[in-house]
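Reading through the structure tokens given below for one structure.
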Amino acid sequence: MQPKDPIALKQKSGVIYRIDCHCGRANYVGETGKRVCTRMHEHELAVRRKDKRTSVAAHASSLGHDFDFGSVRILGQSDDRISRLLQESWHSTAESIKRHIDLPAAYQALREQINGADEGHTRQR
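For the sequence shown, the working numbering begins at 1053 and goes up steadily by one.
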């Protein structure tokens, strides 16, 4: 590994991540200061233990669903925990199973406007 080689996805730390459920209707958005591979392993252990205190394990055990821990998506990165929490709430949607802090109404409207503009935007060549 060279000094300027990019860090592997699962080796990154201080990230906001998303795990999709195989059912296609639910996802989990979380943040961690740990390495992604460490946090995914913790989620897998919680599901195996059927730990009802975690949203991922509760969803998996109550509905019999599985999460795709191998294809976790990194949504953002920050060394500051407050910044990660804000980004986590920004990326959380109605399909997110995590008990999360709701954004104030003004930010929710802004998020909808930005997401709507992204979906309706097409590039002309």
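All C-beta atoms in this analysis are idealised placements derived from N, C-alpha and C, irrespective of residue type, glycine included.
Being a predicted model, the structure only gives us computed values, none of them experimental.
In the structure shown, residue 1090 falls within a helical segment according to DSSP collapsed to helix, strand and coil.
Less than 8 Å divides the Cβ of residue 1112 from the Cβ of residue 1118. A residue is called buried when at least 16 other Cβ atoms come within 10 angstroms of its Cβ; residue 1076 does not meet this threshold and is exposed. Closest in alpha carbon position to residue 1129, among 1143, 1096, 1149, 1102, is 1143.
Classified as buried, residue 1140 has 16 or more neighbouring CB atoms from the shown chains inside 10 Å of its CB.
In this chain, the alpha helix (DSSP H) harbouring residue 1134 covers 1133-1143. Cβ neighbours of residue 1092 within its own chain (closer than 7 Å, five residues either side excluded): 1121, 1124. Judged by DSSP secondary structure, residue 1127 falls within the beta strand (DSSP E) whose first and last residues are 1125-1129. Per DSSP, the beta bridge partners of residue 1084 are 1067.
As computed with DSSP, residue 1119 is found in a beta bridge with 1073. Around the beta-carbon of residue 1136, 16 or more other beta-carbon atoms lie within 10 Å, marking it buried.
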